[in-house]
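As numbered in my numbering, residues 13 to 225 make up the sequence shown, in order.
We put the beta carbon where it would ideally sit given N, CA and C, even for glycine.
Below is one structure, written out as structure tokens, with a few remarks after it.
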Amino acid sequence: MYVAPSILSADFGNLASDIKAVCVAGADLLHIDVMDGHFVPNLTMGPMIVQAASKASSVPLDIHLMVENVSFFVDMYLPLKPKFLTFHIEEERHPLRLIDYIRKNGVSPGIVLNPHTPISSLKHIIKEVDLVLLMSVNPGFGGQAFMPDVLEKVRELRELIETTKSVCMIEVDGGVNGLNARDLDDAGVDIVVAGSYIFSSNDYEASIKSLKL
Ligand code: DX5
Ligand code: ZN
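Okay, structure coming up:
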């Protein structure tokens with residue numbers, strides 16, 4: 013299991029040192045939540061802050077766009093060369109076109125599903141993406157409770173990946189902790205995002221380790 017700490021729960025007054033600390037503690041990716049105050053009822057960071065975060069990080073960025081007007085934001089974050097750039101299927105009218113555009117710009121495209129969005133919506137997309145991010149909370153805030161229905165979605169997605177011979181990875185985001193990591197791993201998750209669980213612990217190394225099964 014790969015672990016992507018979400019800096020949404022980091023200390024923004026000491027962002028660079030918190031980022032360096034989770035990198036040293038074993039993070040595989042750094043998860044960046046971009047919120048626009050429209051798609052979700054919260055606002056986070058723009059490209060200048062993300063660039064500063066990128067400078068402090070020794071691991072690749074995993075940028076999660078929770079925004080309206082997705083292509084506008086894609087153009088804003090592509091120059092930062094993240095490993096993954098993901099956007100919500102609920103918001104984009106032409107996801108395949110945008111996926112192709114992201115890939116042509118040298119970044120791995122990923123698609124995100126809100127808790128209510130069925131796996132069947134991925135049937136004609138699955139072979140084109142490198143990552144599917146399944147939300148296990150309603151997006152917008154850190155520290156919310158894990159929605160266990162995601163486990164069934166992970167199993168269904170794993171089946172779809174196998175039957176279509178897709179090579180995409182499965183990531184889960186929201187309420188992940190040391191108690192549900194085993195179930196997520198058993199269901200077939202490749203990457204977990206964790207914000208409050210890691211940043212509210214006083215031992216980043218131990219909390220990251222407890223997710224790496
Ligand atoms: C929620 C964000 C998450 C958030 C997770 O909208 O997408 O990445 O930071 O935080 P926790 O792990 O605290 O649920
Ligand atoms: Zn996220």
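### Query
Where does GLU183 land, buried or exposed, given buried means 16+ other C-beta within 10 angstroms?
Your numbering for residue 183 matches position 171 in the sequence shown. So GLU183 ends up on the buried side.
### Query
Leaving out the 5 sequence neighbours to the left and right, which residues in its chain are closer than 7 Å to GLY200 when beta-carbon positions are compared?
Position 188 of the sequence shown, counting from 1, holds the residue named residue 200. Excluding sequence neighbours, GLY200 sits near VAL166, ARG167, ARG170 and ILE182.
### Message
Check for me: the beta strand (DSSP E) holding ASP202 runs from which residue to which?
### Response
For the purposes of this step, residue 202 is identified with residue 190 of the sequence shown, where counting begins at 1. Segment: none, ASP202 is in no beta strand (DSSP E) and carries neither H nor E.
### Message
Looking only at its chain, what residues have a beta carbon closer than 8 Å to the beta carbon of ASP197, apart from the 5 residues adjacent to it on each side?
### Response
As a first step, residue 197 is located in the sequence shown; it is residue number 185 there, counting from the start. Excluding residues within five positions, the ones whose Cβ falls inside 8 Å are MET13 and LEU225.
### Task
Please confirm whether ILE137 and LEU172 have their CB atoms less than 8 Å apart.
Position 125 of the sequence shown holds residue 137. Position 160 of the sequence shown holds residue 172. Result no, Cβ atoms of ILE137 and LEU172 do not sit closer than 8 Å.
### Message
Pull the bridge partners of LEU55 from the DSSP assignment, please.
### Response
Position 43 of the sequence shown holds residue 55. ASP48.
### Message
Is SER148 near the ligand ZN - that is, is its Cβ less than 7 Å away from at least one heavy atom of it?
### Response
Translated into the one-based positions of the sequence shown, residue 148 becomes position 136. No, the beta carbon of SER148 sits no closer than 7 Å to any heavy atom of the ligand ZN.
### Of the residues ILE31, LEU110 and PRO72, the one placed nearest ASP87, counting alpha carbons only
Here residue 87 refers to the residue found at position 75 of the sequence shown. The residue with the shortest Cα to Cα distance from ASP87 is LEU110.
### Query
Taking 7 Å as the cut-off, does the CB of VAL141 come closer than this to any heavy atom belonging to the ligand ZN?
Translated into positions along the sequence shown, residue 141 becomes position 129. Checking the Cβ of VAL141 against the ligand ZN gives no.
### Cα-Cα separation, ALA157 to HIS106
Here residue 157 is taken as the residue at index 145 of the sequence shown, counted from 1. Here residue 106 is taken as the residue at index 94 of the sequence shown, counted from 1. Taking the straight line from one Cα to the other gives about 31 Å.
### Task
Please classify GLU104: is it buried, with 16 or more other beta-carbons within 10 angstroms of its beta-carbon, or exposed?
In the sequence shown, the residue the question calls residue 104 occupies position 92. It counts as buried.
### Close beta carbons around GLY152, own chain, < 6 Å, minus the five adjacent residues each side
Your numbering for residue 152 matches position 140 in the sequence shown. Closer than 6 Å at Cβ, skipping near neighbours: VAL52, PRO53 and ASN54.
### Of the residues VAL82, SER70 and LEU108, the one placed nearest PRO94, counting alpha carbons only
The residue given as residue 94 occupies position 82 in the sequence shown. The shortest C-alpha separation from PRO94 is found at SER70.
### Query
If we call anything under 8 Å between Cβ atoms a contact, is SER148 one with GLY190?
For the purposes of this step, residue 148 is identified with residue 136 of the sequence shown, where counting begins at 1. For the purposes of this step, residue 190 is identified with residue 178 of the sequence shown, where counting begins at 1. Against a cut-off of 8 Å, the Cβ pair of GLY190 and SER148 comes out as no contact.
### Query
Near the ligand ZN, which residues have their beta-carbon closer than 5 Å to a heavy atom?
ASP45, HIS76 and ASP185
### Task
Have a look at SER83 and PRO160 and give me their C-alpha separation to the nearest angstrom.
Reading the sequence shown from its first residue, position 71 is the one you call residue 83. Reading the sequence shown from its first residue, position 148 is the one you call residue 160. Between SER83 and PRO160, the C-alpha separation is close to 31 Å.
### Task
Go ahead and label PRO130 buried or exposed: buried means 16 or more other beta carbons lie within 10 angstroms of its beta carbon, across all protein chains shown.
Locating residue 130 in the sequence shown gives position 118, where the first residue counts as 1. Classification for PRO130: exposed.
### Task
Would you tell me roughly how many angstroms separate the C-alpha atoms of ALA22 and GLU102, rounded to the nearest one?
Along the sequence shown, one-based indexing puts residue 22 at 10. Along the sequence shown, one-based indexing puts residue 102 at 90. The alpha-carbon atoms of ALA22 and GLU102 are separated by roughly 28 Å.
### Task
Indicate the three-state DSSP secondary structure (helix, strand or coil) for ASP87 in the structure shown.
Position 75 of the sequence shown holds residue 87. DSSP places ASP87 in helix when its eight states are reduced to three.
### Distance between ASN150 and ASP185 (C-alpha atoms, nearest Å)
Counting from one through the sequence shown, the residue named residue 185 turns up at place 173. Counting from one through the sequence shown, the residue named residue 150 turns up at place 138. For ASP185 and ASN150, the distance between alpha carbons rounds to 10 Å.
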